[in-house]
Amino acid sequence: MSGVPPLADPARYVGDVDTGGLRPLLAALPVIVLAFDAEGTCVLSEGGLLESFGIRPGEDVGRSLGMFFPRFPAAVHAVQRALTGETVYSRSASTGATLDVQWHPQCDVDGAVVGVLALGTKTAEADRYDSAARTEQTYRALLSAIPDQLVRLDADGTAVAIKPANDGTSLQLPVRWSPTPLVDLVTDDVAERLSTAAAAVIADQSERVVEAVITDATSHRYLEARLIPEGGERVLGFVREITGRRRAEDELREASKLEALGRLSAGVAHEINTPIQFVAHNVEFMRNSFATMHELLLAYRQALHSTQSLPWAERSARLQQAEAEHDVEFLLGEVPEAVNDTLVGIQRVSTIVTALKQFSHPSSDELQPNDVNVALRNAVIVSVNEHKLVADVAEDLAPLPPVLCNPGELTQVFLNLIVNAAQAVESMIVERGERGRIELSTRLDGDHVVVRIRDDGPGISYADQSRLFDAFFTTKVVGKGTGQGLTLARSIIVDRHGGTMEVHSVPGHGATFEVRLPVAGASPALVDAAAVDTPGAP
Amino acid sequence: MRILFVDDEPHLLAGLRRLTRASRSWTTSFAAGAAEALEILQDTPVDVVVTDMRMPGMDGLDLMESLIEHHPALGRVVLTGHVEDSRIEQAMSLAHVWLNKPCTLDALSTGITEAHQAASLRPTGRRSPN
């Protein structure tokens, strides 16, 4: 029921105050005021807005609903419904201007409907699509158009469902229609991360994205909750399953690693073939040397066991001659060298094969404690053929604690940065007439490991720096780069390891890429809790 | 036969030096790069040059172009670990014999003899396509 006081006889009421000036007052307001009695006869028709609908004040008084109909098509239905005790909202746009009318039933002291009072106002432009009559319908339509599960999170750590996910098979939070503590819905660590993120959203009123892995006996599935401030102490959560996306991302990372391996394979083959060649030469030399030594040994045995009664001087002379013939001094000097060179060659092949194996080992989701220095060195080793002719590589690696990481993925990132650095210095080698320099350093900085890869190439223009990590942005010629390397590298560092990646470059003075990795790694339950840009934010 | 080996890998030259010392048919010399090889050729008589492809500064292709111009009678053998290179197709047409690392001493020896013969028959010519 409306809060408007009953007007058992509005005409008389207006008449009573007419002399006091209510009619001129109504005429001055941008409204239409209509009143009808229980039979639907118009008893009042006033207001400043009537004129714009071509109606004179008081003109319709005494007319029945049927007479009224042509001017206000919505009126008949609205009055009839209001006479049943319902408050009705209507809208008419017949003459260009749009009129919103509220039709309030008027009751006597016993609650019987005795008339209808209508108040019409011009609809504001911004309000046009948001009238009271439409809001709920629009709201429902919007909700059903959102495929995600929608929940509302409260500062007290409870969640209540607004709607389940449209697709009944996708992963979502358990649907509860009354506020339920998060810890009753999901595992403690996921609940903890969700409520922490929700609290942060409430605190600074900016959006956050939380990713969580939901593990059961047979599978890992991934959930993304996009948390939007709803105002006050409440947060709207759009929850969707992203297992498919995560799998695709994993496959892309793996494919990109294999692609990098493929591109390097020619250079890697050279780095393996050359040591094998000199190992083979040395082993062949040792085989020949052993045969020579064997002949010499036979000569010694003969001298030792000879039954002829030769004087010692004669025996000694024969042996000296045999030694000279067999080049013994050369062999004594060279065989140990040949053994050493063989070991060097085997070590070289083994180093590169080990680095390749560690690099190509399929990534697992689990981050493991590993030495970032080893991941960096592996990148230097597998890319040796890319940089050895164009740059001196200086390593300044500090002892580091084990970092929770995926070493193959980190090698992929470092490899990308080292190959970029090599290409940068190579572009200047003719002009400069000498090799460039690539400096690698690692440092422990509090609870982060900092890896810097610096080159003294031409540097990066400020315009390019701002687009460096954009997908498909490249300054390389076709065939040298696809513009995806740094985008993927940043995704590995930021999304997978919870780290950061930056570039510092003054054009003309080389470039430094800095990777910062948290020693503790990114939490497995919360892969990404970074604040994301909200529309309109700078 | 007098052979000059050119490679930027010192261990490779050391291995060849040891292995070929006992040879009665070969006289060998060694250069760590193309520039050094051209210097040696100034005052050392050589029949066949065996060179790596990818080396700092002048590479194997540059060396062979210089050999064709200044020492056309020399046999040219490429011994490379590279399986692909933008310059390889070009280099293949300049070499008498192309060998991939790793190869045996026998294969190397056969290749050197073939290159020597090819250079003697067609002193300025390039390897005919076959």
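In the order they appear, the protein sequences are chains A and B.
The first sequence lines up with residues 1 to 538 when you count with our numbering.
The second sequence lines up with residues 539 to 668 when you count with our numbering.
From the three backbone atoms N, C-alpha and C, an ideal C-beta is built for every residue, glycine too.
Owing to the predicted nature of the structure, the values given are computational and were not obtained by experimental measurement.
- Your pair residue 26(A) and residue 46(A) checks out as a contact, with CB atoms roughly 4 Å apart and the cut at 8 Å.
- Annotated three-state conformation of residue 312(A) is helix, per DSSP.
- Per DSSP, reduced to three states, the secondary structure at residue 336(A) is helical.
- Taken in chain order, the complete beta strand (DSSP E) segments of 3 or more residues contained in the segment 410-467 of chain A are 436-445 and 448-455.
- Residue 581(B): member of the alpha helix (DSSP H) spanning 572-581, first to last residue.
- Separation of the CB atoms of residue 599(B) and residue 625(B) is rounded to 5 Å, and the pair is thereby assigned contact status at 8 Å.
- Going by C-alpha positions, residue 267(A) is about 22 Å away from residue 430(A).
- The beta carbon of residue 558(B) sits closer than 8 Å to those of 541, 564 and 566, all from its chain and outside the five residues before and after it, given in chain order.
- Inclusion of residue 201(A) and residue 207(A) in the CB contact set at 9 Å is warranted, their separation being smaller than that value.
- Ranked by Cα distance from residue 465(A), the first of 501(A), 337(A), 212(A) and 442(A) is 501(A).
- Interface criterion not met: the Cβ of residue 415(A) is under 9 Å from no Cβ in chain B.
- Per DSSP, the continuous alpha helix (DSSP H) segment holding residue 290(A) begins and ends at 243-305.
- One thing to note: residue 408(A) has its Cβ within 9 Å of the Cβ of residue 375(A).
- Where residue 630(B) is concerned, the enclosing alpha helix (DSSP H) starts and stops at 626-632.
- No Cβ of chain B is located within less than 9 Å of the beta carbon of residue 149(A).
- Taking a C-beta cut-off of 7 Å against chain B, the contacting residues of the segment 258-285 of chain A are 266, 269, 270, 273, 274, 276, 277, 278, 280, 281, 282, 284 and 285, listed in chain order.
- Taking 8 Å as the cut-off between beta carbons, the residues of the segment 328-361 of chain A near chain B are 330, 334, 337, 338, 341, 344 and 345, in sequence order.
- Residue contact with chain B for residue 437(A): absent (no Cβ-Cβ distance below 9 Å to any residue of chain B).
- Chain order gives the chain A residues near residue 640(B) as 273, 276, 277 and 280, where near means a beta carbon separation below 7 Å.
- Proximity of residue 292(A) to chain B, defined by a Cβ-Cβ separation below 9 Å, is satisfied.
- Check the Cα spacing between residue 232(A) and each of 80(A), 255(A) and 152(A): the tightest is with 152(A).
- Residue 106(A) counts as buried, since no fewer than 16 other beta carbons sit within 10 angstroms of its beta carbon.
- Below 8 Å, too few C-beta pairs join the segment 640-648 of chain B and the segment 290-303 of chain A to call them touching: fewer than three.
- Below 8 Å, too few C-beta pairs join the segment 239-253 of chain A and the segment 391-402 of chain A to call them touching: fewer than three.
- Look at residue 237(A) here: in three-state DSSP terms it is strand.
- Within chain A, no C-beta atom comes nearer than 9 Å to that of residue 569(B); the closest sits roughly 16 Å away.
- The bridge partners DSSP lists for residue 540(B) are 565(B).
- Nearest to residue 606(B) by alpha-carbon distance, out of 617(B), 595(B), 576(B) and 646(B), is 576(B).
- Counting only residues of its own chain and dropping the five nearest sequence neighbours on each side, residue 459(A) has a CB closer than 7 Å to the CB of 505, 506, 507, 508, 509, 510 and 511.
- 645(B) is the residue among 613(B), 603(B) and 645(B) whose C-alpha sits nearest the C-alpha of residue 280(A).
- Bridge pairing for residue 591(B): absent [DSSP].
- The beta carbon of residue 544(B) sits closer than 6 Å to those of 569, 575 and 589, all from its chain and outside the five residues before and after it, given in chain order.
- Uninterrupted beta strand (DSSP E) stretches at least 3 residues long and entirely within the segment 43-105 of chain A occur at 88-95, given in chain order.
- The C-alpha of residue 355(A) is placed about 18 Å away from the C-alpha of residue 403(A).
- For residue 201(A), the enclosing alpha helix (DSSP H) stretches over residues 188-204.
- Taking a Cβ-Cβ threshold of 7 Å, none of the residues of chain A is close to residue 601(B); the smallest such distance is about 15 Å.
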